[in-house]
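Protein chains in written order, with the numbering used here: chain F, 411 to 478; chain X, 335 to 470.
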């Protein structure tokens, strides 16, 4: 489906500048992780990730596995 | 042997970003038409997190999923998703009733750009996205 087909669907996307500081397009993986942590992100242990995944009702998207 | 050695260098990074409560109401539809005010039974402000999954190999981003989750009745509900499945970064717009009414493809952006756009979009618009999910 093309973007032009979404006129009836309510979406509100952030502009590419995100309204805040985005990492630059060629940011390294380490810089991306630091950016996430600066936003309040916390890396999960394997056990925490399993616990969270087990409590998620994943959307059923044809052709895509659940992100667990 | 090389393939085995390289696979050992692949790393997965799973993270959750808590979104602090900001007092916006969420409406959980309990029936009726999606747009009907009468169908809204409860107004709550559920815990909301962004689940970040990043798969890297030799320092390159080879896969990701960014999922917006809200907690309802002791269950996290997947209300929006950006990911790199199908080989092209895209956004899956989700609806409680409609399932997957829309896919937006980002052919012109790199995976890293869509990765950052996803987190930024969910942080900024999580209330609207969650309510759109519940209403659709």
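All C-beta atoms, glycine included, are put in the ideal place defined by N, C-alpha and C.
Computed from a predicted structure; not experimentally measured.
Tell me which residue opens and which closes the beta strand (DSSP E) that residue 424(X) is part of. In the second chain, counting from the first residue as 1, residue 424(X) sits at position 90. Looking at the DSSP string, the run of the beta strand (DSSP E) that includes residue 424(X) is 424 to 429.
Secondary structure at residue 468(F), three-state DSSP: helix, strand or coil? Here residue 468(F) is taken as the residue at index 58 of the first chain, counted from 1. Residue 468(F) falls in the coil class under three-state DSSP.
For the alpha helix (DSSP H) that residue 432(X) lies in, which residues bound it at each end? The residue labelled residue 432(X) in the question sits at position 98 within the second chain. It is not in any alpha helix (DSSP H) - residue 432(X) carries neither H nor E in the DSSP assignment.
Checking the sheet assignment: what are the DSSP bridge partners for residue 327(X)? Summary: the structure shown does not reach residue 327(X), with chain X confined to residues 335 through 470, and so no result is reported for it.
According to the Cβ coordinates, are residue 419(X) and residue 474(F) closer than 7 Å? Numbered from its first residue, the second chain carries residue 419(X) at position 85. Numbered from its first residue, the first chain carries residue 474(F) at position 64. Taking 7 Å as the Cβ cut-off, residue 419(X) and residue 474(F) qualify as a contacting pair.
Any C-beta of chain X sitting closer than 7 Å to the C-beta of residue 399(F)? Within the shown structure, residues of chain F are numbered from 411 to 478, placing residue 399(F) beyond reach of any answer.
Only counting the same chain, and skipping five residues up and downstream in sequence, which positions put a Cβ closer than 7 Å to that of residue 446(X)? As a first step, residue 446(X) is located in the second chain; it is residue number 112 there, counting from the start. Answer for residue 446(X): 395, listed in chain order.
For residue 420(X), go through chain F and note every residue whose CB falls closer than 8 Å to its CB, in chain order. The residue you call residue 420(X) lines up with position 86 of the second chain. In chain order: 473, 474.
Residue nearest to residue 435(F) in terms of C-alpha spacing, selected from 350(X), 389(X), 449(X), 403(X): Position 25 of the first chain, counted from the start, is the residue given in the question as residue 435(F). Among 350(X), 389(X), 449(X), 403(X), the Cα nearest to that of residue 435(F) belongs to 449(X).
Paired residues, beta bridge with residue 388(X) - DSSP: If you number the second chain from 1, residue 388(X) lands on position 54. DSSP output for residue 388(X) lists 347(X), 398(X) as bridge partner(s).
Check whether the region 402 to 416 of chain X and the region 452 to 468 of chain F touch, using three or more Cβ-Cβ pairs below 8 Å as the test. yes
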